[in-house]
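Line by line, the protein sequences are chains A and B. One gets my numbering by counting positions in the first sequence from 1 and adding 9 to each. One gets my numbering by counting positions in the second sequence from 1 and adding 164 to each. For reference, the structure discussed in these notes is given below.
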Amino acid sequence: MDFQELIASSFEALGLNKTRTALATLGIIIGIAAVITLISLGQASQKAVESQIQALGSNLLTVISGSFRPGDFRSASGTATTLTLEDAKSILSSGKVTGVKNVSAEIQRREAATAGRKSANTAVVGVLPSYKAVRNVTMESGVFISESDNASLAKVAVLGPTTASDLFGDTASAAGKSIRINKISFTVIGVTQSKGGAGFGGNQDDTILIPLSTAQKQLFGVTYVGSVSIEVADAKQMDAVRDQIGYLLISRHKISDPANADFTIFSQQDVLSTISQVTGTFTALLSGIAAISLLVGGIGIMNIMLVTVVERTREIGLRKALGATKRAVVSQFLIESVILTIAGGLLGMILGTVLSFVISKLINLPFVLNLGSIALAIGVSGGIGILFGWYPARKAANLQPIEALRYE
Amino acid sequence: MISVSRLSKIYRTDGSETLALDDVSFKVGKGEFVAIMGPSGSGKSTLMHILGALDTPTSGTYTLDGEEISKLTDDELAKIRNQKIGFVFQSYNLLPRTSALKNVMLPMVYAGIPKEKRREVAEKFLKDVGLGDRINHLSNQLSGGQQQRVAIARALVMDPSIILADEPTGNLASAQSEEIMAIFQKLHKDGRTILMITHEPEIAKYAKRTIRLRDGKIVN
């Protein structure tokens, strides 16, 4: 019994009832497409988060007020008001902390900004001039906030490219124009270059940067800062610097027990691994759900194959009468179900790839095509064909030729 | 050629036993054309199934070409059916929506004969039964008589030791029946061994010898 003949006759048999063949395949198409789409979107979002965090600088330590440990929310992080500008300055100036290159302090809130009739609800961040160096900000046009801007409480703003185009239509014409935040007028002095990447954890391109002093005194009316960013000179010293800053702040805040610290220090690496873990779990969960639809598709294939075996009882009897061995009959039906599932797998792969491309474009994620998951999808669909085709094929092969020939 | 000795077949269903064949013995020599006759329920279909290696007897022996068939496994039986027996059924049993050529090639597919050879042999036998111009017709586009001729060609391609025909004219009008019987006569003249089941005396007349069955026993 040659293989080529088997495959050719399987295609013929499947072609006899095209609607049924298509419907049987649909379950597998949907399952495979769902798995591929979810895996690729999961990886894309992970990649987006990684590149976004890399863009912030890998030598970055961040101090936020409030303590946060996994499973222990004493006070929501970032909402406590214990961190001050003096803390930030002491980190740079204190002899107890070495290896710090730059320190910036920020305070951030979401505000509505308007320019003429256009408005944008965006993150308004009060920053120090050192923010530019600490966060690897480069300017597309204009200048960044200067020391004198900060000292004089200047009402100047640097826009992220997304905010600039939202308010002014494009990024080039924004500099020199004025915007209003919370009824206060600000002059736009520059637009930052796009950092790309978005999706999770806030878009760095969709911000308005203003001097910290202006933000504290004019806009928000507060004396504390939300976070302090520290650029460490040498990435190898991250852990040492983190400890030094911790001790400094504990003594400044007069805390006796380090367990009661009212601030949290984390590196970009911490954030990266936490987010990777979250997106990984999420991707696995969604893929699991998609895998269930694959299973249902497989059961659909088994169902169709069982119906086919009953319908073709006479044909099976005839084939056995003409000399088909059990093996030949099993092969014939297995090949039919494997063709169904692999065809479903291939179509599902195309559909899944197109879907993940379209979705990643829509939600502005990088498009990640994972060859491994495609190979897996084809392998899995073939495996499903064998797994769920086996029982119907055995059933066909075990038919007694006389009974089968008599069957009407 | 065929030797059947003390053959019995008992069907057991739900505790009751039916004796379909009761101590049947006979021999068929090479080149014979034998009709097996009997009313329905006489056991002739059971005998046909055993002779066709589609079923095994409860007791007794069946020897074909010196080989004991009664004790073979399923796959060995499949090989016997493929190589030594050519079936012609009452209802033709062609694959639906499949060309005459492909139908005739089917036994050779299971025998593992290469594709070119399959085609060549199938075409030759289709020509022999007068269907040389219809090899690519689908089975359902052919008349009953033509379908039965395709079935005869299919029975011949493996050059079997015996041809087993089960009511080969049972579904045909008389004109077509005669055509089919003419083919069987020609096969007989060519020296082939033919066993034919029929309940029609006119058809049985074509055979040179008749075995009559009644209640599972030979009553000649």
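We treat Cβ as the ideally placed atom computed from N, Cα and C, and that holds for glycine. Given the structure is predicted, the values throughout are model-derived calculations rather than measurements.
Identified DSSP bridge partners for residue i
i                : result
Ser263 (chain B) : B:Leu302
Ile190 (chain A) : A:Ala122 and A:Ile193
Asp330 (chain B) : B:Ile361
Met148 (chain A) : A:Thr201
Phe387 (chain B) : With chain B represented from 165 up to 384, any question about residue 387 (chain B) goes unanswered, as that position is not in the structure.
Met201 (chain B) : B:Arg376
C-beta contact flag for residue i and residue j at 8 Å
i                : j                : result
Lys151 (chain A) : Ile198 (chain A) : Per the sequence shown, the amino acid found at residue 151 (chain A) is Gly instead of Lys. Yes; because the gap between Cβ atoms is below 8 Å, this pair is in contact.
Ser49 (chain A)  : Leu378 (chain A) : yes
Leu221 (chain A) : Gly135 (chain A) : yes
Leu377 (chain B) : Leu211 (chain B) : yes
Ser390 (chain A) : Gly354 (chain A) : yes
Ala122 (chain A) : Thr131 (chain A) : yes
Leu218 (chain B) : Ser189 (chain B) : no
Phe342 (chain A) : Val318 (chain A) : yes
Gly306 (chain A) : Ile39 (chain A)  : yes
Gly308 (chain B) : Gln349 (chain B) : no
Ile100 (chain A) : Ile264 (chain A) : no
Ser167 (chain B) : Thr227 (chain B) : yes
Thr357 (chain B) : Gly195 (chain B) : yes
Gly332 (chain A) : Tyr274 (chain B) : yes
Tyr256 (chain A) : Thr90 (chain A)  : no
Val72 (chain A)  : Leu92 (chain A)  : yes
Leu397 (chain A) : Ile325 (chain A) : For the sequence presented, residue 397 (chain A) should be read as Phe rather than Leu. No, these two residues do not count as a Cβ contact at 8 Å.
Asn288 (chain A) : Gln63 (chain A)  : The sequence given here places Thr at residue 288 (chain A); Asn does not occur at that position. Taking 8 Å as the Cβ cut-off, Thr288 (chain A) and Gln63 (chain A) do not qualify as a contacting pair.
Pick from the options that is closest to residue i, judged by C-alpha positions
i                : options                                   : result
Val285 (chain B) : B:Ala242, B:Ala339 and B:Arg318           : B:Arg318
Gly230 (chain B) : B:His301, B:Ser325, B:Ile316 and B:His213 : B:Ser325
Ile219 (chain A) : A:Asp179, A:Gly255 and A:Val167           : A:Val167
Thr362 (chain B) : B:Met201, B:Asp186, B:Val192 and B:Val321 : B:Met201
Ile388 (chain B) : B:Lys291, B:Asp354, B:Val188 and B:Gln247 : For chain B, the structure presents residues 165 to 384; residue 388 (chain B) sits outside this window and is missing.
Leu137 (chain A) : A:Ala184, A:Thr196, A:Ala17 and A:Leu162  : A:Leu162
Arg29 (chain A)  : A:Ser99, A:Gly332 and A:Met311            : A:Met311
Val133 (chain A) : A:Ser103, A:Gly104 and A:Lys164           : A:Lys164
Ile367 (chain B) : B:Tyr256, B:Ile347 and B:Gly380           : B:Ile347
Gly294 (chain B) : B:Leu359, B:Leu215, B:Arg313 and B:Lys372 : B:Arg313
Ala183 (chain A) : A:Gln225, A:Lys127, A:Gly51 and A:Val237  : A:Lys127
Ile411 (chain A) : B:Arg282, B:His213, B:Gly207 and B:Gly205 : B:His213
Ser157 (chain A) : A:Asn145, A:Ser139 and A:Leu414           : A:Ser139
Gly36 (chain A)  : A:Leu303, A:Val237 and A:Gln277           : A:Leu303
Ile254 (chain A) : A:Ser102, A:Leu47, A:Ala43 and A:Ala160   : A:Ser102
Neighbour flag for residue i against chain A, beta carbons, 8 Å
i                : result
Lys369 (chain B) : no
Val268 (chain B) : no
Val293 (chain B) : no
Asp354 (chain B) : no
Leu236 (chain B) : no
Phe251 (chain B) : yes
Asp187 (chain B) : no
Asn384 (chain B) : no
Asn246 (chain B) : yes
Asn300 (chain B) : no
Leu218 (chain B) : yes
His363 (chain B) : no
Asp379 (chain B) : no
Arg373 (chain B) : no
Ala242 (chain B) : yes
Leu211 (chain B) : no
Leu259 (chain B) : yes
Asp385 (chain B) : Any property of residue 385 (chain B) remains undetermined from this structure, which presents chain B solely from 165 to 384.
Asp239 (chain B) : yes
Residue-level contact to chain B via CB, residue i, 8 Å cutoff
i                : result
Ile411 (chain A) : yes
Phe414 (chain A) : A small correction: the amino acid at residue 414 (chain A) is Leu; Phe does not occupy that position in the sequence shown. It does; some Cβ of chain B falls within 8 Å.
Glu14 (chain A)  : yes
Leu25 (chain A)  : yes
Phe209 (chain A) : Confidence at Phe209 (chain A) is low in this model, with a pLDDT of 38, below 50, so its placement is unreliable and the value that follows should be read with caution. Not an interface residue.
Arg403 (chain A) : no
Mind checking the stretch 332-364 of chain A against chain D and listing, in chain order, the residues whose C-beta falls within less than 9 Å of any C-beta there?
In the structure shown, chain D does not exist; the protein chains are A and B.
Using a Cβ-Cβ cut-off of less than 7 Å, list which residues of the stretch 312-339 of chain B approach chain A; keep chain order.
none
Output, in sequence order along the chain, the residues in the stretch 319-332 of chain A whose CB is closer than 9 Å to any CB in chain B.
Arg323, Glu324, Gly326, Leu327, Arg328, Lys329, Ala330, Leu331 and Gly332
Contact set between the stretch 271-290 of chain B and chain A, restricted to residues whose Cβ is under 7 Å from the partner
Pro271, Val273, Tyr274, Ala275 and Gly276
Using a beta-carbon distance cut-off of less than 7 Å, what residues from the stretch 166-188 of chain B approach chain A?
none
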